[in-house]
Every structure is written in structure tokens, then in C-alpha cells.
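Here it is, written out as C-alpha cells:
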């Protein structure tokens, strides 16, 4: 194996695979990055057995081959090189790193010990969509979940595929975000299929794909999910569990509707939250005149405050307590000037929607006093 690569491209490749490096003392090979030159391409591969990332790096291939070296030492050397042009060469299972003023030999390991990256047997079923759109959707969904070992089925992002649409949803049982992508935005060959993408995999997708362009292809089969772009392939184990039947939680109709300017509401929440204390409680009140929404919070040690915002309102006077952070997250997933907040009772889920973004729904549970 021999190739020439620019430092920026080398660092970019190492950055892409670094979080999928394993740390198992039983399998030290998981601490390695596999470097391959094949069919004119330079490829880096890393896996922790839960997630595997394969990244194609720009450069010149002189000789095909493969070598496995510890990621930590290779990355440390690469980041501190002062030359832009770097030669990587495999010699007797080790890696030579050569520049115009530097040379190093990194001890390699037996490439046969490196885990085989899974491939899906199903080639005919996939969904394809724009990377930028997928990143935007994933960012809006992941905001409603968090990593948890206790309930893994809600510690991830739910993808439901069909020929007509792709549904992306996430929940932590306190809030729910859903986005529906129509067939004119995502082409699909699935009749019907679903998968839960682990939280950490979703985070890695966002990190790696933010600067990529083009299309992403998603395949799902046999407990594995594969994301493929022009430069990157990510293979992940799916979450073993059943995502909650969440559709019944989304209110179909609401007795009270607040229409409010989104940016002002965000600023008001941030201001009023200063007095919410550790509980994050904030009270949303619409009084008898129905012209203003009042945001109030109080803490015995801090004090209290109240913020009034003009609104359009249909319904009866109400007062509901929310976690202000969950409300704020819901407002951030929209980009429209105004949003509507549908509320039935102070104990039942509230739903945030936007007239201009009807494919997005955010549901938040009130805090029961």
C-alpha cells in the first residue's frame, strides 16, 4: 500500500472515523484504523462493533494494499505534521509516514484480525434523499430524545419507510417531534419498513454529514441500518425494541389555540426562565381579555417575573405549566414567523404547529402540579 495525501484531507478522514474507534481491552484491534488503497481510492475504516464508518479520502494511489495501525498514534502524528504533502506506505505490516522533513514508522497489527464490516443482503430496498434535507430532518428530530440505557426503544430516532413517504420521529416521553417527508422529496423502494437509529449513531450522522453534499441512500435489514453517501458509509446496529405507538398522543383537535410570533416567544421564554429555578417550571396563562399570553415563573430563592406577549386566541381562559426548555426546543424546530399552540386541558399534551410547515409536528407534555 502506498499513497500520497494532503494533510487537510488526511485530517478530514481521521476526524470522520475517530468516534467509531473502539476501546475494548479484549479486542485491541478495535483501537486501530484500517487504511486501504483500492480501485484508485484511499479508504479509512473504523468500528466499535456497534457502529462502523468507512470514509473515502482524496489523494493519489500509487500501490494498492492495506494496513491497520493504532488510531491514537497515527492521529497524533498527522495533526502535528508541518508539511502539506504526506506519503503513507505499508512496509512489512507497518505504516511509514513520510514528508519532506519527517519520517516515522507506526507499528501495525494483523489486518486479518480487523472485524469484517457487515453488508446488507437486501439490495433492492432503499430510500434516497438530499443530504442537506436529511441533516435538517435529523436535527429537528433528535432534539426530542436523549441517550438512555434504561429505555433504549426511545433512545434513538425512529424511521418509517414506505413508497409514499418517509416518517422521522423521536420522543423521550415528555415531548415528541415528527416530520413527514413526501415521495417528491425522497424516493423509496420500500413497501413498508421501520427501524430505530441509536442516539449516538444519529449524533455521528449529523457530525459527519454537515459538510457533505449530494444524496444519501438508507438501507435497513436484519437489525442493521446503512447510510451511504459519495464519501461515507456508516453501518450501525439498530435499536432492538419497538418504538411507542405515538400517533394517539398527537391531539387531532384542540379546544384552545394560541397563535403567537415565534421569535418573540423564544426571547420571552429565555427571559422568564431566569426565575424558574432548578425545576424549569414556567406558567403559560391566557386571561379573560384573551389578547395576551403571560409567561410567569417564580422561585423562593430568586424572585419572580412575568412577560406579556400579544396573541391571537380561540378558546377559553387557561393556565398551563410547562418545562420551558421543552417549549423552547419545540419552537426552534420551526422557521416560520408564527406558530400555533393547541391546548385542550392543563393535563393533556399540547401541540405546536406552523401553517407554513405542516409536515412538522411537535408535542409537549405539561407539568402536572
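In the working numbering, the protein residues as written are 1253 to 1621. Beta carbons: idealized from backbone N, C-alpha and C, even for Gly.
Spatial neighbours of residue i in its chain, beta-carbon cut-off 7 angstroms, leaving aside the 5 residues before and after
i	result
residue 1513	1589 and 1590
residue 1423	1396, 1397, 1406, 1496 and 1498
residue 1442	1377, 1379, 1413, 1414 and 1415
residue 1580	1518 and 1521
residue 1440	1379, 1413, 1414, 1415 and 1418
residue 1620	1599
residue 1635	Lying before the first or after the last residue shown, residue 1635 is absent from the chain, which here runs from 1253 to 1621.
residue 1391	1458
Contacts around residue i, its chain only, beta-carbon distance under 6 angstroms, and the 5 residues preceding and following it disregarded
i	result
residue 1350	1339
residue 1480	1469
residue 1286	1297, 1320 and 1366
residue 1331	none
residue 1438	1379, 1381 and 1418
Residue i in three-state terms, based on DSSP
i	result
residue 1279	coil
residue 1470	strand
residue 1480	strand
residue 1261	helix
residue 1630	With the chain represented from 1253 up to 1621, any question about residue 1630 goes unanswered, as that position is not in the structure.
residue 1404	helix
residue 1611	coil
residue 1429	strand
residue 1422	strand
residue 1325	helix
residue 1301	coil
residue 1577	helix
residue 1495	coil
residue 1434	strand
residue 1513	strand
residue 1525	helix
residue 1271	helix
residue 1541	coil
residue 1337	strand
residue 1490	coil
residue 1451	helix
residue 1456	helix
residue 1501	helix
Length of the line joining the Cα atoms of residue i and residue j
i	j	result
residue 1365	residue 1435	43 angstroms
residue 1453	residue 1303	7 angstroms
residue 1632	residue 1482	With the chain covering 1253 to 1621 only, the question about residue 1632 has no answer from this structure.
residue 1599	residue 1538	16 angstroms
residue 1346	residue 1360	4 angstroms
residue 1429	residue 1517	19 angstroms
residue 1605	residue 1618	16 angstroms
residue 1358	residue 1291	24 angstroms
residue 1383	residue 1610	21 angstroms
residue 1371	residue 1457	18 angstroms
residue 1288	residue 1445	34 angstroms
residue 1401	residue 1341	42 angstroms
residue 1421	residue 1393	6 angstroms
residue 1573	residue 1552	17 angstroms
residue 1399	residue 1352	46 angstroms
residue 1503	residue 1607	16 angstroms
residue 1387	residue 1279	33 angstroms
residue 1327	residue 1404	32 angstroms
residue 1272	residue 1601	38 angstroms
residue 1344	residue 1385	45 angstroms
residue 1462	residue 1322	27 angstroms
residue 1212	residue 1501	Here the chain comprises residues numbered 1253 to 1621, so residue 1212 is not present and cannot be evaluated.
residue 1354	residue 1301	34 angstroms
residue 1410	residue 1467	20 angstroms
Residue i vs residue j beta-carbon contact at 8 angstroms
i	j	result
residue 1320	residue 1379	no
residue 1256	residue 1309	no
residue 1450	residue 1493	no
residue 1324	residue 1259	no
residue 1389	residue 1431	yes
residue 1261	residue 1317	no
residue 1294	residue 1487	no
residue 1515	residue 1596	no
residue 1381	residue 1419	no
residue 1536	residue 1582	no
residue 1603	residue 1585	no
residue 1540	residue 1562	no
residue 1282	residue 1299	yes
residue 1508	residue 1564	no
residue 1510	residue 1592	yes
residue 1226	residue 1484	The chain is shown only over 1253 to 1621; residue 1226 falls outside these bounds and no answer can be derived.
Cutoff 8 angstroms; reference residue i; Cβ partners in own chain excluding five residues on either side
i	result
residue 1556	1527, 1548, 1549 and 1550
residue 1559	1520, 1523, 1524, 1546, 1547 and 1548
residue 1490	1447, 1448, 1449, 1450, 1472, 1475, 1476 and 1477
residue 1329	1349, 1356 and 1358
residue 1253	1287, 1288, 1289, 1315, 1316, 1317, 1318, 1319, 1340, 1341 and 1342
residue 1554	1526, 1527 and 1529
residue 1534	1521, 1524, 1525, 1528, 1547, 1548, 1549, 1573, 1574, 1575, 1576 and 1579
Quick check for students: name the residue ranges of the beta strand (DSSP E) that lie wholly in the stretch 1547-1572, counting only runs of 3 or more.
Listed in chain order, the complete beta strand (DSSP E) runs (minimum 3 residues) inside the stretch 1547-1572 are 1555-1562 and 1564-1566.
Going residue by residue through the stretch 1348-1395, where are the continuous beta strand (DSSP E) segments of at least 3 residues, counting only ones entirely within it?
Qualifying beta strand (DSSP E) stretches, in chain order: 1355-1358 and 1379-1382.
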